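>
2 protein chains.
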Amino acid sequence: MFDHRVYNFAAGPAAMPEEVLKIAQAEMLNYKGTGMSVMEMSHRSAAFENIINETKNDLKTLMNIPDDYEIMFVQGGGSTQFAMIPLNLMTKYKRAFFLKTGQWAKKAISEAKIYGEAEVVASSEEAVFTYIPQTTRADYKGDADYAYICYNNTIYGTHFTPGKLPDVDVPLVTDISSCILGEKIDVTKFGLLFAGAQKNLGPAGVTVVIMKKDLIGNAMDITPTMLNYKTHADNNSMYNTPPTYGIYMLGLVLKWVASQGGVDALEAVNRKKAALLYECLDNSKLFKGTVVPEDRSLMNVPFVCPTDELNNKFIAEATEAGLMELKGHRTVGGMRASIYNATPYEGVQTLVNFMEDFEKKNI
Amino acid sequence: MFDHRVYNFAAGPAAMPEEVLKIAQAEMLNYKGTGMSVMEMSHRSAAFENIINETKNDLKTLMNIPDDYEIMFVQGGGSTQFAMIPLNLMTKYKRAFFLKTGQWAKKAISEAKIYGEAEVVASSEEAVFTYIPQTTRADYKGDADYAYICYNNTIYGTHFTPGKLPDVDVPLVTDISSCILGEKIDVTKFGLLFAGAQKNLGPAGVTVVIMKKDLIGNAMDITPTMLNYKTHADNNSMYNTPPTYGIYMLGLVLKWVASQGGVDALEAVNRKKAALLYECLDNSKLFKGTVVPEDRSLMNVPFVCPTDELNNKFIAEATEAGLMELKGHRTVGGMRASIYNATPYEGVQTLVNFMEDFEKKNI
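These protein sequence lines map, in sequence, to chains A and B. Its first residue numbered 378, the first sequence is counted upward by one per residue in my numbering. Its first residue numbered 378, the second sequence is counted upward by one per residue in my numbering.
(1) Could you check how far apart the C-beta atoms of glycine 453(B) and threonine 602(B) are, in whole angstroms? I think they sit under 8 Å.
(2) Under the assumption that glycine 623(A) contacts glycine 582(A) (Cβ atoms under 8 Å), give the Cβ distance between them as a whole number of angstroms.
(3) Leaving out the 5 sequence neighbours to the left and right, which residues in its chain are closer than 6 Å to methionine 626(B) when beta-carbon positions are compared?
(4) Taking contact to mean 3 or more Cβ pairs, one atom from each stretch, closer than 8 Å, check whether the segment 626-642 of chain A and the segment 703-715 of chain A are in contact.
(5) Which residues, in order along the segment 567-589 of chain B, keep a beta-carbon less than 7 Å from a beta-carbon of chain A?
(6) Looking at the structure shown, is arginine 421(A) part of a helix, part of a strand, or coil, going by DSSP?
(7) How many Å lie between phenylalanine 506(B) and isoleucine 532(B) at the Cα?
(8) Do you know whose CA, among Asn718(A), Gly568(A), Gly724(A), lies nearest proline 548(A)'s CA?
(9) Within its chain, find whatever has a CB closer than 7 Å to the CB of isoleucine 593(B); leave out the 5 residues flanking it on each side and keep chain order.
(10) Give me the Cβ distance between methionine 416(B) and phenylalanine 425(B), rounded to the nearest whole Å; I'm assuming they're in contact under 8 Å.
(11) Can at least three beta-carbon pairs, one atom from the segment 457-472 of chain A and one from the segment 512-531 of chain A, be found at a separation below 8 Å?
(12) Output, in chain order, the set of chain B residues within a Cβ distance shorter than 7 Å of leucine 604(A).
(13) If the cut-off is 8 Å on Cβ atoms, which residues from the segment 488-508 of chain A count as contacting chain B, listed in chain order?
(14) Please classify arginine 648(A): does DSSP put it in a helix, a strand, or coil?
(15) I want to see whether chain B comes within less than 8 Å of tyrosine 622(A), judged by CB atoms only; does it?
(16) If you check the beta carbons only, do alanine 401(A) and leucine 629(A) fall under 8 Å apart?
(17) Following the continuous beta strand (DSSP E) through glycine 573(A), name the residue where it begins and the one where it ends.
(18) Can you check whether the CB of leucine 643(B) is closer than 8 Å to the CB of leucine 559(B)?
(19) Using the Cβ count rule (16 or more neighbours within 10 Å means buried), how would you classify tyrosine 408(B)?
(20) Run through DSSP, which three-state label would proline 679(A) get?
(21) Using a Cβ-Cβ distance under 8 Å, would phenylalanine 664(A) count as near chain B?
(22) Would you report the Cα separation of leucine 406(B) and arginine 648(A), rounded to the nearest angstrom?
(23) Please list, in chain order, the residues of the segment 379-401 of chain B that have any C-beta partner in chain A closer than 8 Å.
(24) With a 10 Å radius around its C-beta and 16 neighbouring C-beta atoms as the bar for buried, classify asparagine 688(B) as buried or exposed.
(25) Would you mind working out which of Thr432(A), Asp641(A), Ser674(A), Leu631(A) sits nearest alanine 652(A), comparing C-alpha positions?
(26) Measuring alpha carbon to alpha carbon, tell me which of Val498(A), Gly666(A), Cys527(A), Leu439(A) ends up nearest arginine 514(A).
(27) Taking the straight line between their C-alpha atoms, what separation do you get for isoleucine 692(A) and tyrosine 384(A)?
(28) Does glutamine 452(B) come within less than 8 Å of chain A when only Cβ atoms are used?
(29) Hey, out of Thr432(B), Asp380(B), Ser554(B), whose CA is closest to glycine 410(A)'s CA?
(30) Please report how far the alpha carbon of glutamate 404(B) lies from the alpha carbon of methionine 701(B), in whole angstroms.
(31) Contact between the segment 708-726 of chain A and the segment 483-501 of chain B: three or more CB pairs below 8 Å?
(32) Just reading off the beta strand (DSSP E) that methionine 393(B) is part of, what are its end residues?
(33) Taking 8 Å as the CB-CB cut-off, is threonine 457(A) touching chain D?
(34) If you compare alpha carbons, which of Phe459(B), Lys566(B), Ala391(B) is closest to aspartate 445(B)?
(35) Could you tell me which chain A residues have their CB closer than 7 Å to the CB of serine 419(B), listed as they occur along the chain?
(36) If valine 640(B) and lysine 561(B) are in contact, beta carbons under 8 Å, what's the gap, nearest whole angstrom?
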């Protein structure tokens with residue numbers, strides 16, 4: 378039981394900026410003189426239309442999204458995108474390229490196989506996904522409708538750097554759920570980018586899709602209306618009732634990101650936060666990072682102690698100290714610290730201090 | 378600009394109990410000593426597992442849901458259900474019966490046609506859906522996988538009474554989005570019931586599905602994993618990250634419903650609220666209800682003045698008086714007052730007083 382806010386290192390749903398939660402709290406019963414909560418507001422009301430339009434525009438500005446991209450807010454998380462992408466894009470050659478870099482890429486591959494051929498061009502599965510494979514143009518053989526990557530692998534703590542992106546002529550599709558707004562991403566390199574909100578954007582239940590407009594409109598006949606991007610593009614994400622409160626929270630987070638100086642400023646902080654933690658791991662005789670240095674994520678940092686007993690002891694003592702949700706994914710074991718935008722530098726510093734103390738007592 | 382809470386007659390998203398919003402407000406930064414908001418909480422945490430399990434159990438109790446039914450929380454609203462239902466159920470005869478009683482039934486019909494044959498058994502479209510057609514057993518001809526109805530038609534203000542339910546041997550499927558918990562519904566009469574939360578249950582972005590367990594598991598091969606009920610049934614609605622905050626809010630609403638005495642007690646209040654408003658309409662020389670008396674909804678009450686000029690004047694003056702969102706759907710015109718569980722009797726009384734005043738001044 379805590380009477381204060383903890384440091385929350387959960388992978389998602391994840392920590393949100395305290396300033397954002399305080400605004401939501403203040404506006405809960407009466408949003409800007411409307412006499413009602415955003416939760417109670419018709420999605421067709423002027424007040425909500427304003428919220429959704431501002432949110433779109435703020436994202437466009439923060440991510441430098443060109444005019445020939447559509448921004449959509451949909452439901453169902455990444456797992457629904459795994460079906461929407463082939464249903465909407467795997468339409469000419471019925472074939473797509475995939476880089477298998479983790480569990481979420483694997484799920485995208487399985488789902489694509491329902492609708493066509495999923496060609497795995499490279500994989501790091503043999504090394505428990507501890508690195509991002511380097512591919513060259515020659516690796517992408519034959520026709521395909523698109524190439525798919527998971528930009529930042531939440532579970533395994535790897536991320537793509539620009540030099541490792543597929544060098545292909547087909548549209549690139551990417552899952553940026555765990556790195557959106559945490560580092561600069563060149564939208565123009567991609568045909569479609571998507572992100573579940575619950576890591577770096579806001580609460581679970583909203584998925585952001587950024588899609589080149591000329592890719593919209595070719596869905597397969599069997600596509601459910603709600604899984605056709607055209608439905609959402611044509612209706613400003615309001616074909617039916619969107620997750621209004623989630624979009625409002627996402628909008629508040631975007632305004633907070635802008636107030637912090639935008640993505641460049643946050644990336645600079647994120648690089649410092651990650652450097653602090655990786656340096657601690659690299660200097661430690663007890664803790665060990667699991668990812669090769671060149672592919673290390675800025676957002677998700679998995680690490681292990683030499684024994685499960687020590688891992689469990691560390692997690693238990695950290696939890697007691699208010700350093701929460703440090704248990705790693707079962708396929709990696711050990712610990713994982715997710716240090717998204719909302720985790721302040723002091724949060725990482727507190728974790729590192731705690732790790733150093735723990736090391737002294739347990740080595 | 379209001380410095381107080383208004384009466385909100387929106388059809389959905391709609392008014393929520395003020396008590397519920399106050400709890401959400403108080404718990405926004407620290408839920409029950411966890412040191413974090415529910416929004417920030419891992420869906421795999423003990424605290425959230427407790428929330429989702431309590432919410433399921435509370436719904437089971439409030440609606441008297443038998444053990445052989447699964448309760449699921451999914452995303453995508455009713456419009457996604459329109460695809461999930463045929464994808465999961467239209468599997469043997471590739472054919473289903475429909476009663477066309479409004480726009481949402483029509484959308485369900487169109488979507489079902491993607492996957493099979495949608496047989497419209499009866500329709501009230503010729504009378505702008507102002508009544509519920511009476512059918513008999515003989516009207517349902519040939520084999521079908523299920524029969525579909527929209528129990529309460531939000532736009533047109535009609536609802537099914539038990540005597541008008543289809544008399545069929547196939548599973549009955551029903552959209553109860555706008556009447557769930559507002560009146561007693563005998564779950565055992567149905568194979569599947571679903572409700573978008575944003576009318577009587579909580580915020581937009583969560584859909585409740587109540588489904589007979591023996592109907593789960595026969596989805597078509599082309600079904601996206603997230604649109605297969607089995608995915609959600611097998612994973613306690615947590616195959617992927619569910620809309621955690623929406624489920625929490627829904628849980629708070631259920632506890633509020635219980636505190637009011639449950640569905641029977643709320644139905645009694647709802648009958649009084651509806652009677653007050655319908656009596657006003659029936660006695661008025663200016664306002665006129667649009668629905669035949671025997672099929673009138675307890676939840677959505679459409680009415681009109683003799684001219685559009687008067688309709689617009691009424692809506693404008695009501696809005697100024699803090700009686701919000703009374704504009705009717707464009708296909709009906711005039712006004713509509715949605716008086717869900719969260720609208721107190723005094724809200725309806727205030728509206729009726731305002732209508733009587735308006736009538737005096739404008740007749």
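Note that beta-carbon positions come from the ideal geometry of N, C-alpha and C, so glycine has one too. Here the structure is a predicted model, which is why all the values come from computation and not from measurement.
This is what the structure gives:
(1) Wrong, their Cβ atoms sit about 13 Å apart, outside the cutoff.
(2) 5 Å
(3) If you ignore the 5 residues before and after methionine 626(B), its C-beta comes within less than 6 Å of the C-beta of Gly579, Pro580, all in its own chain and listed in chain order.
(4) no
(5) Gly573, Gln575, Pro580, Ala581, Gly582
(6) coil
(7) Straight through space, the alpha carbons of isoleucine 532(B) and phenylalanine 506(B) are spaced by roughly 9 Å.
(8) Answer by Cα proximity: Gly568(A).
(9) Glu447, Tyr606, Lys607, Ala610
(10) That pair is no contact at about 10 Å.
(11) Contact holds: three or more Cβ-Cβ distances are below 8 Å.
(12) Pro601
(13) Glu488, Ile491, Tyr492
(14) helix
(15) yes
(16) yes
(17) Unbroken beta strand (DSSP E) run through glycine 573(A): 569-573.
(18) Checking the displayed sequence, the identity of residue 559(B) turns out to be glycine instead of leucine. Yes, Cβ-Cβ distance for glycine 559(B) and leucine 643(B) is below 8 Å.
(19) buried
(20) strand
(21) no
(22) 27 Å
(23) Cβ contacts with chain A come from Phe379, Asp380, His381, Arg382, Val383, Asn385, Ala387, Ala388, Gly389, Pro390, Ala391, Ala392, Met393, Glu395, Leu398, Lys399, Ala401.
(24) buried
(25) Ser674(A)
(26) Val498(A)
(27) 13 Å
(28) Glutamine 452(B) counts as touching chain A.
(29) Asp380(B)
(30) Rounded to whole angstroms, the gap between the alpha carbons of glutamate 404(B) and methionine 701(B) is 28 Å.
(31) no
(32) Segment: none, methionine 393(B) is in no beta strand (DSSP E) and carries neither H nor E.
(33) This model lacks chain D altogether, as its protein chains are A and B.
(34) It is Lys566(B) whose Cα lies nearest to the Cα of aspartate 445(B).
(35) Ala387, Pro390, Glu702
(36) 6 Å
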